[in-house]
Ligand code: MG
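Numbering (the working numbering), first residue to last: 78 to 352.
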């Protein structure tokens, strides 16, 4: 047997062994995987590698966007805007006056009826948010007056949108800042007019039965795929003073700051605890 034929033989033998091991992992039509004689994990519910622990739900991943066309959302996402219409949005309970142009939803000119901050009809608690946006090109204005909008999580926590490309402003007002609280770790902005992405993981605040704060809201965020907010805890006083009116769910909103910022490919995944 030549050396290469010998390797082929070994590979084939291993494949057969692997197949028979896999076959033994199933018995009587039921999966028989993992262990139950291993140490218990903290919490006392599951063993290490526990074969009875529920399988993760299967999600078909989305596809990435490119400058010409938006990608596709994952199969379990709530698609809030797919380039066609604003049926999942409202402004003060009325159909929004925002425009839909070339597959994008656009902040309308000042004075447009039902302009202003646009709010999703759906409400969310813990969630993963994907938003694509483009600031006006050519740029107009400076500082906070240039390409300003914002993703308002639960309608109140602003993940800032700004044309921060070569546009000095205060640190906690830049694009991807948690506005007024946390500057982004880096400025990963693209030039005006280019599509940019935000991927935000939001943990809603928790409250005790008496309404006092149990744990704050947390935000992790990526700007154009670059980590900019790493599990930052949102600061207290405003949230705390709002407790009386607070609910554990809220809408996603986009700020109308008077600049014609465009949005596309907006989706949200509701996050549930893993067993
Ligand atoms: Mg803003």
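Even glycine gets a Cβ: it sits at the ideal position worked out from N, Cα and C.
What is the rounded straight-line gap between the Cα of residue i and the Cα of residue j?
i	j	result
residue 202	residue 269	32 Å
residue 292	residue 286	13 Å
residue 348	residue 204	5 Å
residue 276	residue 225	18 Å
residue 111	residue 125	8 Å
residue 219	residue 171	32 Å
residue 180	residue 167	18 Å
residue 223	residue 251	11 Å
residue 352	residue 123	9 Å
residue 257	residue 240	17 Å
residue 128	residue 138	25 Å
residue 263	residue 115	43 Å
residue 174	residue 153	29 Å
residue 259	residue 267	20 Å
residue 109	residue 312	47 Å
residue 147	residue 199	22 Å
residue 300	residue 113	42 Å
residue 140	residue 244	31 Å
residue 119	residue 133	19 Å
residue 304	residue 242	17 Å
residue 149	residue 117	40 Å
residue 253	residue 189	27 Å
residue 157	residue 221	27 Å
Is it buried or exposed, residue i, if we count other Cβ atoms within 10 angstroms and call 16 or more buried?
i	result
residue 283	exposed
residue 131	exposed
residue 235	buried
residue 145	exposed
residue 247	exposed
residue 162	exposed
residue 289	exposed
residue 143	exposed
Looking only at DSSP bridge pairs, what is residue i linked to?
i	result
residue 196	167, 330
residue 117	124
residue 178	181
residue 158	343
residue 217	In DSSP, residue 217 forms no bridge with anything.
Any beta carbon from chain B within less than 9 Å of residue i's own beta carbon?
i	result
residue 284	In the structure shown, chain B cannot be found, because there is only a single protein chain.
How about residue i and residue j: are their beta carbons less than 9 Å apart?
i	j	result
residue 344	residue 151	yes
residue 331	residue 228	yes
residue 177	residue 274	no
residue 197	residue 233	no
residue 67	residue 302	Lying before the first or after the last residue shown, residue 67 is absent from the chain, which here runs from 78 to 352.
residue 281	residue 328	no
residue 230	residue 206	yes
residue 341	residue 155	no
residue 265	residue 279	no
residue 191	residue 159	no
* To do: Evaluate contact between the stretch 175-191 and the stretch 292-312, counting only Cβ atoms and requiring at least three cross-stretch pairs below 8 Å.
  => At 8 Å Cβ cutoff, the stretches do not touch.
* **Touching by the beta-carbon criterion (3+ pairs, under 8 Å), the stretch 330-341 and the stretch 203-218** => Touching, yes.
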